[in-house]
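Structure, as structure tokens:
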Amino acid sequence: MIIEPNPSLPPGPRPQLVDPALESLLSRSMLQVQVVAELHRCGSWFADAPRYECGLFHLVGSGRCKVESDEFGEAVTLETGDLVIFPHGAPHRLSGTAEDGLQQTSLICGEFRFTGSTQHPLSLALPARMVIHAANASAPFRQLAATMADVVHADCAGRHVLLNKLADALFTLAICDYARGTGERQGLFASLADPRIARVLQSVHDHPGRAWTMQSMAALACMSRSAFAERFTQLMKQPPIQYVTQWRVSVAEQLLRDRQQSVAGIAQQLGYSSEAAFRRLFKRVSGKCPGRVRGDGMRAVALN
100 MIIEPNPSLP PGPRPQLVDP ALESLLSRSM LQVQVVAELH RCGSWFADAP RYECGLFHLV
160 GSGRCKVESD EFGEAVTLET GDLVIFPHGA PHRLSGTAED GLQQTSLICG EFRFTGSTQH
220 PLSLALPARM VIHAANASAP FRQLAATMAD VVHADCAGRH VLLNKLADAL FTLAICDYAR
280 GTGERQGLFA SLADPRIARV LQSVHDHPGR AWTMQSMAAL ACMSRSAFAE RFTQLMKQPP
340 IQYVTQWRVS VAEQLLRDRQ QSVAGIAQQL GYSSEAAFRR LFKRVSGKCP GRVRGDGMRA
400 VALN
């Protein structure tokens, strides 16, 4: 991607908005985001959400409310433009009180999931709850949240499709804001704070088919093999070669669903010398054979 200097901005270096390792991962995130409800409440009210198999989010389009859950501490107050995310579908309650008078609260609620059989690195790294307050968020986040609220009240063609696409972009911005501002890092986000490990992650994400070995990754990190293996495993909670394998399977699932290449072509692109070896590894890691994943993708396209 070529980015020319913007003449409307002052000269000089600008701060990096997204870590390259995170950006490379988000570009292949295989994320599905869908708005499933638009709620409009006034006075005293509550809405209970049980545990879900997918992630959930609520954006406050207007007004204010409280969010509570047994899985974390005290209740949090959400204002207009604030977003709360439950990456692992934790049960929770949204509520408003008569103290807010006759002010109407509008909520945009949705679901999200990472497609594929293997656990996505982002899913593993996200906490039980994320809260992005508009007052502390980036300008693009605030603008996008406001646009979603405007679309809810607009009578336009393709409104639901537009909301889904905006929600996808908003979730991406929320991840970037979280990665920049969180003090409690785990998994992927902890690794992003280590420039040596982050350099390896970016290269693995961008070039999954390279002949990765412990030695080549350690050399890229400018570390000894033993020190690199220990540090990577400590941060990512899995050995480097296992991470490479799982990432390759995740990429393969995406390629199989797109149906642009043969299984043999995908195997070669991801660094496997034979289609048979790739098929065996894919089934061992994902629990499915490549043909079944491709068939699932074709059926999903037919239904849509």
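Numbered by this note's numbering, the letters in the sequence shown go through residues 100 to 403 in order.
We treat Cβ as the ideally placed atom computed from N, Cα and C, and that holds for glycine.
Check: DSSP three-state assignment for M229, whether helix, strand or coil; Outcome: strand
Check: Through-space distance from L206 to L138, alpha-carbon basis; Outcome: 5 angstroms
Check: When S290, R228, P186 are compared against L124, the one with the closest alpha-carbon; Outcome: S290
Check: Which of helix, strand or coil DSSP assigns to H191; Outcome: strand
Check: C-alpha gap between L354 and Q133, whole angstroms; Outcome: 22 angstroms
Check: Residue environment, P186, which counts as buried when at least 16 other CB atoms sit within 10 Å; Outcome: buried
Check: Residue span of the alpha helix (DSSP H) that contains G364, given as start and end; Outcome: 362-368
Check: Assumed close pair G370, A310 - CB separation to whole angstroms, cut-off 8 angstroms; Outcome: 6 angstroms
Check: Span separating the alpha-carbon of A253 from that of S126; Outcome: 30 angstroms
Check: contact_flag[the region 220-238, the region 257-276] where n(CB pairs < 8 angstroms) is 3 or more; Outcome: yes
Check: The region 320-329 in contact with the region 250-264 per 3-pair CB rule at 8 angstroms; Outcome: no
Check: Touching by the beta-carbon criterion (3+ pairs, under 8 angstroms), the region 288-308 and the region 334-341; Outcome: yes
Check: For R140, the residue or residues it bridges with in DSSP; Outcome: T204
Check: S372 versus V348: straight-line alpha-carbon distance, rounded; Outcome: 15 angstroms
Check: Inter-residue Cα distance where the pair is G180 and L155; Outcome: 16 angstroms
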